[in-house]
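Each remark here refers to the structure printed beneath this line.
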């Protein structure tokens, strides 16, 4: 009797009677078209995040009355107006999250992914004109529309990952894709600072990043595909390897979305809460850190951009440490997948909570210590890549896009509220005491969200993943040790 069990990266454990040996298949061990799809998503996320974050730096130059570039317009926007502009991206972002997941699952995710990049880039090209013609309300309008288009980004990516990436590779390849967010920030912040202070002025920030995103969106539409079955050039061997690995995903499924089961599922509720808390802490820091460095630490625009990017460089580098460690722990069966998700998410949230308290209590004038603590607060967020961020695929490969749409849509309401709350706290004057309140609130939210995830979270495929077989799955699904 011959038994074959699929292992990681194309390895197969083949048993001939009482003798077992490891065999490696070409499709799993070599680079293939699934890696090309991952590369397209990785750079797509990179450019998308560059467009999300470039305004955080550019707005400092746009409102600097002592700018070294007097040839470019300057606007009289107070801290509360700036916070409103910075949060406006998320007003549109939350609108289409759930529909985006449904549409991506039904009609194919690649077209929505590539269109999101193209539209966001085109709107970036229009931003300087919007500021000139309509002041901050029209800039907000551009940001709302950019957010609406990027609302299709992550639901589409989760759908693509659930179809293109094998379960064994999901942690590593998913981390590569999501690490594009940090790379985009790393590139965008210092380069935006350099561009804004150069002879090209702050409008070049929007023109350069916008043009790149438009071009990449077109390339993804041409080269990418929504699934291995729809790719023109993939080998039959690699396609079979990918499709056979998805034992919990029905490639031809036409299930109705089990809405009630999803919204009443304790692991899904915990996932939504931790996602919301991540959005509050992460986006409050990302959008407001340049303002904090300018107003409290008194850094100039070029230094501001470089130091604002430093935490995201550390986060990007740590993501490539935590992901292999997570995979190694699981492969050696040292801890379960559920325990791994909770462990790395705890590093990603409890660590930043402590660091933000340190920022609030840091001695006045010790800017090096503050920058170091902010770097730790953001850098440790790398644990979320192998924590909650891939957990949607764990819970339901069939509805991963919809789950991401739900948690990202509801979660990013906090991305709107966070900067607005900062604006209300700061009012018309930015002081250290007011910023201390901002950091205490973000720290408490990190603590709350991860505690809920640790108690109620799970990485076990849920019975409602296949609604028609839910009873059968419940009875036969193996229990996982937490």
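Numbering (my numbering), first residue to last: 33 to 514.
Every residue, glycine too, gets a C-beta built ideally from N, C-alpha and C.
Remember, predicted model here, so these are calculated numbers, not experimental data.
### Query
For residue 327, which residues from the same chain have a beta carbon less than 6 Å from its beta carbon, with the 5 sequence-adjacent residues on both sides left out?
For residue 327, where only same-chain residues beyond five positions count, the Cβ hits under 6 Å are 462.
### Task
Measure the C-alpha to C-alpha separation of residue 268 and residue 322 and round it to an integer number of angstroms.
Cα to Cα, the separation comes out at about 50 Å.
### Query
When the Cα of residue 467 is compared with those of 70, 481, 111, 75, which residue comes out closest?
Checking every option, the nearest Cα to that of residue 467 belongs to 111.
### Message
Could you compute how far the alpha carbon of residue 171 sits from the alpha carbon of residue 261?
### Response
Approximately 41 Å between the Cα atoms of the pair.
### Query
What are the start and end residues of each continuous alpha helix (DSSP H) run of 4 or more residues lying completely inside the segment 429-458, in chain order?
Within the segment 429-458, the complete alpha helix (DSSP H) segments at least 4 residues long are 432-443, 445-458, listed from N- to C-terminus.
### Query
Near residue 408, which residues of its chain fall below 6 Å by C-beta distance, leaving aside the five closest residues on each side in sequence?
Only 387 meet the Cβ criterion.
### Message
Could you tell me the alpha carbon to alpha carbon distance between residue 4 and residue 81, rounded to whole angstroms?
### Response
Examination of residue 4 is not possible in this model, given that the chain is present from 33 through 514 alone.
### Query
Can you check whether the CB of residue 206 is closer than 9 Å to the CB of residue 421?
The answer is yes: Cβ separation under 9 Å.
### Message
Mapping the DSSP letters down to three states, classify residue 494 as helix, strand or coil.
### Response
Assigned with DSSP and collapsed to three states, residue 494 falls in coil, not helix or strand.
#### Entry: Helix, strand or coil at residue 290 [DSSP, three-state]
The three-state reading of DSSP puts residue 290 in coil, since its state is none of H, G, I, E or B.
#### Entry: Span separating the alpha-carbon of residue 184 from that of residue 68
A direct Cα-to-Cα measurement between residue 184 and residue 68 gives close to 20 Å.
### Query
Alpha carbon to alpha carbon, what distance is there between residue 116 and residue 77?
Distance between the alpha carbons of residue 77 and residue 116: 24 Å.
### Task
Report yes if the C-beta distance between residue 313 and residue 477 is below 9 Å; otherwise report no.
In this structure, residue 313 places its C-beta atom within 9 Å of the C-beta atom of residue 477.
### Query
Would DSSP call residue 489 helix, strand or coil?
Residue 489 carries a coil assignment under DSSP once its states are collapsed to helix, strand and coil.
### Task
For the alpha helix (DSSP H) holding residue 264, just list the boundary residues, first then last.
Note, residue 264: premise wrong, no alpha helix (DSSP H); not H, not E.
### residue 433 vs residue 259 beta-carbon contact at 9 Å
In this structure, residue 259 does not lie closer than 9 Å to residue 433 by Cβ.
### Query
How many Å lie between residue 381 and residue 240 at the Cα?
Residue 240 has its alpha-carbon roughly 34 Å from the corresponding atom of residue 381.
#### Entry: Cβ shell of residue 499 (< 8 Å), same chain only, five flanking positions each side left out
Listed in chain order, the non-local C-beta contacts of residue 499 below 8 Å within the same chain comprise 287, 288, 290, 293, local neighbours out to five positions each way being set aside.
### Query
CB-CB under 7 Å to residue 444, same chain, minus the five flanking residues each way: which ones, in chain order?
Excluding sequence neighbours, residue 444 sits near 122, 125, 126, 311.
### Task
Just tell me which of 190, 244, 208 has its CA closest to the CA of residue 83.
With respect to the C-alpha of residue 83, the residue from 190, 244, 208 having the closest C-alpha is 244.
### Beta carbon of residue 385 nearer than 9 Å to that of residue 228
It is not a contact, given that the beta carbons lie outside the stated cut-off.
### Query
With 16 as the cutoff for other CB atoms within 10 Å, does residue 272 come out buried or exposed?
Classification of residue 272: exposed, given that the 10 Å Cβ count is below 16.
### Three-pair Cβ contact test at 8 Å for the segment 366-379 versus the segment 442-456
Flag = no, the segment 366-379 and the segment 442-456 do not touch.
### Query
Expressed to the nearest angstrom, what Euclidean distance is found between the alpha-carbon atoms of residue 363 and residue 372?
Their Cα atoms are separated by approximately 11 Å.
#### Entry: Residue span of the alpha helix (DSSP H) that contains residue 392, given as start and end
Run containing residue 392: 369-393, per the alpha helix (DSSP H) assignment.
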